[in-house]
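Data block below; observations after.
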Ligand code: HEM
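In this note's numbering, the protein residues as written are 6 to 286.
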């Protein structure tokens, strides 16, 4: 028998593992940005103040390596989870990578992108987004790309004796430049475009906590992901995704964490802009 929909019904969007991984990613990324930028801009007064907070520049380097280790673990765990999903749910890599709810770009993303531009100009309706929007897919692959570029160059800086056994020494100089500039790009991207797309767009302003709670109210889900909602209703699977809302105290804790992360991100951007304009060498 069909259950009556309740106003407070919430729809699950992210597994517990993915929520945990995102929290660890936030903590490690912000730590890497703060310590990395204080090394990059070590000649600025704010980097000196920040390095005192870390216990000196050398300690900032150690914190950087520890946070890098956490981030690499997050990445490996995610890959492990994809392998598990492929085995247990998708069956084949083809289905996982090219299936309907895949995070890989497809024709609909291009249509949605063009549709969004028209919508911004008041020349059409908002596109009916499905499981993932085109900007979420872009963000996902930006992180994937960043992990390879920043991670691989970071490892050569971490273990120079090992890598120079089979690479010429100048590779380390090139790796430093790539690591440093790609890190600047990643930081700039995450704390402006990712923050805007996720939290600052009018529908979500000032903060979307769905990545922490993993769930969103049914009414919001209908508006935010109309295509996914329709498909779930047609297949009669919507109710399988219902979960209870968290207690207000949990939501309050989540908001404190979210606001801390957002504020640190905005501060880092202001520092970077200041350093680039007034003291970049
Ligand atoms: C995940 C893998 C990463 C590894 C293994 C890694 C490793 C390293 C190492 C060993 C250094 C040299 C530190 C020192 O001199 O004491 C370094 C520097 C740096 N890292 Fe990372 N890092 C990683 C990720 C990141 C991320 C995500 C960011 C920022 C978003 C970042 C930003 C920086 C910056 C700005 C520097 C200073 C480069 C310079 O001197 O110009 N790193 N990293």
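The beta-carbon is built from N, C-alpha and C at its ideal position, and this holds for glycine as well.
Here residue 187 has 154 and 155 as same chain residues with Cβ atoms under 6 Å from its own Cβ, once five neighbours each way along the sequence are excluded.
When DSSP reads this structure, residue 247 sits in a beta bridge with 16. C-alpha of residue 161 to C-alpha of residue 25: approximately 28 Å in a straight line.
With contacts defined as CB atoms closer than 7 Å, residue 43 and residue 55 qualify as a contacting pair.
Residue state for residue 131 is assigned as coil, using DSSP reduced to three classes.
If you draw a straight line from the Cα of residue 275 to the Cα of residue 241, it comes to about 48 Å. With three or more CB-CB distances shorter than 8 Å, the region 127 to 135 counts as touching the region 230 to 238.
In this chain, the alpha helix (DSSP H) harbouring residue 231 covers 231 to 240. Taking C-beta atoms as the reference points, residue 117 and residue 145 fail to come closer than 7 Å. In the DSSP annotation of this structure, the continuous segment of the beta strand (DSSP E) that includes residue 220 starts and ends at 220 to 222. Residue 65 and residue 39 have their alpha carbons spaced roughly 9 Å apart. With respect to the 7 Å criterion, residue 16 and residue 217 are not classified as neighbours on the basis of their beta carbons.
Selection 128, 157 and 280 evaluated against residue 80 yields 157 as nearest (Cα-Cα). With a threshold of 16 other beta carbon atoms within 10 Å, residue 264 falls short and is exposed. Relative to residue 58, the option among 244, 36, 76 and 110 whose CA is nearest is 36. For the pair residue 98 and residue 91, the CB atoms are nearer than the 7 Å cut-off. Comparing alpha carbon positions, the residue from 29, 253 and 102 closest to residue 72 is 29. DSSP places residue 65 inside the alpha helix (DSSP H), whose first and last residues are 62 to 90.
Proximity of the beta carbon of residue 155 to the ligand HEM is indicated: a heavy atom of the ligand is located closer than 6 Å. Rounded to the nearest whole angstrom, the CA to CA distance from residue 207 to residue 201 is 9 Å.
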